[in-house]
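Numbering (the working numbering), first residue to last: 9 to 212. Here's the structure we're looking at; comments come further down.
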C-alpha cells in the first residue's frame with residue numbers, strides 16, 4: 009500500500025515539474041494557455057488514476073464471486089452429466105427406432121418374395137441397451153401374412169364374377185403350413201435366428 013502511494017506521489021510531482029518546465033520554455037501567449045490546459049488534464053489524470061484503479065479492483069473482486077457462484081450453479085457437474093445423458097438417450101432411442109423400421113422392411117421384402125404370400129406385415133423386437141453384449145440383436149420376429157395363391161394353384165386361379173367385371177384374384181383364404189414353413193425358414197436362415205424366435209400368423 010505504501011509503495012503504491014509513493015509511486016502515485018512521484019507521478020504527480022513528475023507531471024507538475026514537467027508542466028512547469030514547459031511553461032518556462034513557451035512564450036507568454038495563447039499557446040501557453042493551451043499548454044496549461046493540457047498539462048492540467050495530465051495532472052488530473054495522474055491524481056485520479058490510482059483512485060479509479062482501486063474502484064475497478066474492488067468492483068472486480070465483488071463481481072468475481074457472484075459470477076463464479078452463478079457459473080457453478082448453472083454448469084455444475086450434475087447438470088452437465090444429466091444433460092449429456094438425456095441427449096445420449098434420445099439419440100439411442102432414435103437410432104433404435106430407425107434400425108427396427110429398416111429391419112422390418114427388409115424382412116417384409118424377403119417374405120413377399122415367397123410364393124404363396126400376397127402381403128405381409130412384420131414386427132421386430134431387439135435386445136435393449138441394458139444387454140450390452142447383445143445390443144441390436146433380434147430377439148423375436150412376428151410375421152403377419154395375407155395368403156396368396158401358390159404356383160400350383162395359379163393354373164386354376166379363382167375367378168371372381170361381377171355384373172360388369174370379371175377378374176382373377178391372387179389372394180387365398182387359406183394360410184398353408186408349407187407357406188408358414190417357407191417364411192420361417194427364410195427368416196431364420198437369413199438372420200441367423202432360431203425357429204422359436206420367428207412366429208408366423210395370418211394377417212387380419
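Glycine included, C-beta positions come from ideal geometry on N, C-alpha and C.
- In the three-state reduction of the DSSP assignment, residue 148 falls in the strand class, which pools E and B.
- Residue 88 places its beta carbon 8 Å or farther from that of residue 108.
- Burial state of residue 15 is exposed, judged by a 10 Å Cβ sphere holding fewer than 16 other Cβ atoms.
- When the beta-carbon positions are compared, residue 115 and residue 132 come within less than 8 Å of each other.
- In the DSSP assignment, residue 135 forms no beta bridge with any residue.
- The continuous stretches of beta strand (DSSP E) do not include residue 143, and DSSP gives it neither H nor E.
- Residue 206 sits away from residue 190, with the two beta carbons spaced by 8 Å or more.
- Counting along the chain, residue 192 sits inside no beta strand (DSSP E); it lies in the alpha helix (DSSP H) bounded by residues 185–199.
- Between residue 154 and residue 92, the alpha-carbon positions lie close to 45 Å from each other.
- The beta carbon of residue 199 lies closer than 8 Å to those of 115, 146, 149 in the same chain, with the five residues before and after it left out.
- Taking every protein chain shown into account, the CB of residue 128 has 16 or more other CB atoms within 10 angstroms, so this residue is buried.
- Judged by DSSP in its simplified three-state form, residue 124 adopts coil rather than helix or strand.
- The C-beta distance from residue 152 to residue 209 rounds to 5 Å, short enough to fall under 8 Å.
- A residue is called buried once 16 or more other Cβ atoms fall within 10 Å of its Cβ, and residue 95, having fewer, is exposed.
- Around the C-beta of residue 188, 16 or more other C-beta atoms lie within 10 Å, and the residue is accordingly described as buried.
- In the DSSP assignment, the residues bridged to residue 153 are 128, 210.
- Collapsing the DSSP output to three states places residue 18 in a helix.
- Separation of residue 211 and residue 90 (C-alpha to C-alpha, rounded to the nearest whole angstrom) is 44 Å.
- Ranking 11, 123, 182, 101 by CA distance to the CA of residue 143 puts 101 first.
- If you ignore the 5 residues before and after residue 183, its C-beta comes within less than 7 Å of the C-beta of 153, 155, 210, all in its own chain and listed in chain order.
- With contacts defined by Cβ atoms closer than 8 Å, residue 19 and residue 54 form a contacting pair.
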